[in-house]
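Heads up, the sequence shown is in this note's numbering, so the first residue is 174 and it goes up one at a time.
Have a look at the structure below before the remarks.
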Amino acid sequence: MNKNNPWWWVPTLYFAEGIPYFIVNTISTILFKRMGLSNGDIAAYTSLLYLPWVIKPFWSPFVDILRTKRWWVVAMQALMSVGFALLALSLPHPSSEVMASGQTPVSLFAVTLILFWITAFASATHDIAADGYYMLALSQKDQSLFVGIRSTFYRLSSIFGQGVLVVIAGLLETRLGNIPRAWSITLLSAAVLFAAVTMWHVFALPKPASDAVRSTTGAKDIFREFGRTFATFFRKPLVWLAIVFLLLYRLPEALLVKLVNPFLLDSPDAGGLGLATETVGLVYGTIGILGLTLGGILGGIAASKWGLRKSLWPMAVAITLPDLAYLWLAIAQPTNLIAVSALVFIEQFGYGFGFTSYMLYMIYISEGEFKTAHYSLCTAFMALSMMVPGFFAGALQESVGYPAFFGIVMLCCLVTVAVTFLVRQKVDPEFGKK
Numbered sequence: 174m175n176k177n178n179p180w181w182w183v184p185t186l187y188f189a190e191g192i193p194y195f196i197v198n199t200i201s202t203i204l205f206k207r208m209g210l211s212n213g214d215i216a217a218y219t220s221l222l223y224l225p226w227v228i229k230p231f232w233s234p235f236v237d238i239l240r241t242k243r244w245w246v247v248a249m250q251a252l253m254s255v256g257f258a259l260l261a262l263s264l265p266h267p268s269s270e271v272m273a274s275g276q277t278p279v280s281l282f283a284v285t286l287i288l289f290w291i292t293a294f295a296s297a298t299h300d301i302a303a304d305g306y307y308m309l310a311l312s313q314k315d316q317s318l319f320v321g322i323r324s325t326f327y328r329l330s331s332i333f334g335q336g337v338l339v340v341i342a343g344l345l346e347t348r349l350g351n352i353p354r355a356w357s358i359t360l361l362s363a364a365v366l367f368a369a370v371t372m373w374h375v376f377a378l379p380k381p382a383s384d385a386v387r388s389t390t391g392a393k394d395i396f397r398e399f400g401r402t403f404a405t406f407f408r409k410p411l412v413w414l415a416i417v418f419l420l421l422y423r424l425p426e427a428l429l430v431k432l433v434n435p436f437l438l439d440s441p442d443a444g445g446l447g448l449a450t451e452t453v454g455l456v457y458g459t460i461g462i463l464g465l466t467l468g469g470i471l472g473g474i475a476a477s478k479w480g481l482r483k484s485l486w487p488m489a490v491a492i493t494l495p496d497l498a499y500l501w502l503a504i505a506q507p508t509n510l511i512a513v514s515a516l517v518f519i520e521q522f523g524y525g526f527g528f529t530s531y532m533l534y535m536i537y538i539s540e541g542e543f544k545t546a547h548y549s550l551c552t553a554f555m556a557l558s559m560m561v562p563g564f565f566a567g568a569l570q571e572s573v574g575y576p577a578f579f580g581i582v583m584l585c586c587l588v589t590v591a592v593t594f595l596v597r598q599k600v601d602p603e604f605g606k607k
């Protein structure tokens, strides 16, 4: 094995980076829905799982100071492997009647939620280490060459995490007739796979000389620099307008995303579409992710041609208007799977296309000294923008029903339009053009 060949480890590293994120933030909502938790509890408790990504920039200096990036990558992967296994073993087994009622007490899942949070913390730490290791282990030329490869395998992990694993769980539900056992087996399978990837990386990841433990003097310098980066970020011109944009641009999606899977799974009597678990894995976790990926690719092409300023309006429309798909689905409750799949594809395509300008705006805001650290702070606001609205989304839906909830989502699209209008005139017309 030639460890200096990035093909041996870059694809698996970024496949491993994506899987825990999607298990924690997407599969958890489906699992809890199938186990009979209410939408209010699901949205509130799974939204809190975003917290490690919100506060990630504040402990990133420790990843720099303590141990090597390679050590952190392998250690966090090992921790997540154990976490998935413990999640599989910790799932309670409420009766079928309790799960069918949709009012399973959240107290039954106290240990499960703690394990999900630990896994989320390990995943966020792994993100820091993996991205840092990538820059240390590869030359600048190879970093540019493999940026598309890492992105591709991260997207494949999305399809695996939100699609394949959900389909497996759904098929096991049908075959075993036991929902908790089906999900336990699915999570245990994920643990075995992740453990295998971890063992591969123990041997496959090279040990670059630049990936060294910092000295104590270096640690002091890092904390001093961290303080400077934090201060200089909040002294940027129009930074508060930028923060408002980062927090509110995706408000409709932040409300929507926590309720999509419950909506697809809920029975028609409860206002949902009544899809089977494996069908949700196919429709949202596979077809939807393909739409998201295609939208992101075309969004990148469009942004490089138009630049950020010109991209903002069409991308704001793209990220908001397709949300009408769920309003129509909630009102019409169609049974035609092709129609449902097509609308999910369109909504996810629009989100992928419209999200491009958001990512490009974060790069724009981060320009200047401490570019990398400032971008990391932007990603913290990005995670916060999803966590806070998502926390309240379930209770809102339960109080008004699905049609009215998706109607409120559409009204929130006006917020996206408003913040886009506010920031657009402040953006350099040439920024982002190829």
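Here a beta-carbon is modelled for each residue, glycine too, at the ideal position from N, C-alpha and C.
Values in this document were obtained by computation on a predicted structure and should not be read as measured data.
1) Please state whether DSSP places GLN506 in a helix, a strand or coil.
2) For the alpha helix (DSSP H) that contains HIS547, what are its first and last residues?
3) Mind checking which residues open and close the alpha helix (DSSP H) that includes LYS431?
4) Does DSSP classify LEU212 as helix, strand or coil?
5) Return yes when the Cβ of GLY275 is within less than 7 Å of the Cβ of GLY209, no when it is not.
6) Among VAL246, TYR548, GLU270 and LYS206, whose alpha-carbon lies nearest the alpha-carbon of ALA415?
7) Assess, as a yes-or-no matter, whether the region 355-368 is touched by the region 243-262 under the definition of 3 or more beta carbon pairs within less than 8 Å.
8) Measure from the alpha carbon of THR508 to the alpha carbon of each residue in TRP226, VAL582 and SER440, then state which is nearest.
9) Measuring only the C-alpha atoms, how far is SER269 from ILE352?
10) Would you tell me roughly how many angstroms separate the C-alpha atoms of LEU481 and ASP300, rounded to the nearest one?
11) DSSP three-state call for ALA382: helix, strand or coil?
12) Please confirm whether LEU429 and VAL227 have their CB atoms less than 7 Å apart.
13) From what residue to what residue does the alpha helix (DSSP H) around TRP244 run?
14) Since GLY458 and VAL561 are thought to touch, with beta carbons under 8 Å apart, how far apart are those beta carbons, to the nearest angstrom?
15) Which residue spans inside the region 442-528 form an unbroken alpha helix (DSSP H) run of at least 4?
16) Just the Cα atoms here: how many angstroms apart are ILE470 and PRO495?
17) Terminal residues of the continuous alpha helix (DSSP H) containing GLY191?
18) Taking the alpha-carbon positions, what's the VAL386 to ARG243 distance?
19) Relative to the alpha-carbon of GLY461, which residue among PRO193, PHE188 and THR199 has its alpha-carbon at the smallest distance?
20) For LEU448 and LYS206, which I take to be in contact (beta-carbon distance under 8 Å), what is that distance rounded to the nearest angstrom?
21) Within a Cβ cutoff of 6 Å, which residues of the same chain sit near PRO225, ignoring the five residues on either side of it in sequence?
22) CB-CB under 8 Å to LYS599, same chain, minus the five flanking residues each way: which ones, in chain order?
23) With a threshold of 16 other CB atoms inside 10 Å of the CB of PHE579, please say whether the residue is buried or exposed.
Let's see:
1) coil
2) 544-573
3) 424-438
4) In the sequence on display, residue 212 carries Asn and not Leu. If DSSP states are grouped into helix, strand and coil, ASN212 belongs with the helices.
5) yes
6) TYR548
7) yes
8) SER440
9) 9 Å
10) 26 Å
11) coil
12) no
13) 242-263
14) With 8 Å as the limit, GLY458 and VAL561 do not qualify as a contact, their Cβ atoms being about 25 Å apart.
15) 450-455, 461-479, 481-493 and 497-505
16) 18 Å
17) 183-195
18) 11 Å
19) THR199
20) About 11 Å separates the two Cβ atoms, so there is no contact after all.
21) ALA293, PHE294 and ALA297
22) LEU411 and LEU414
23) buried
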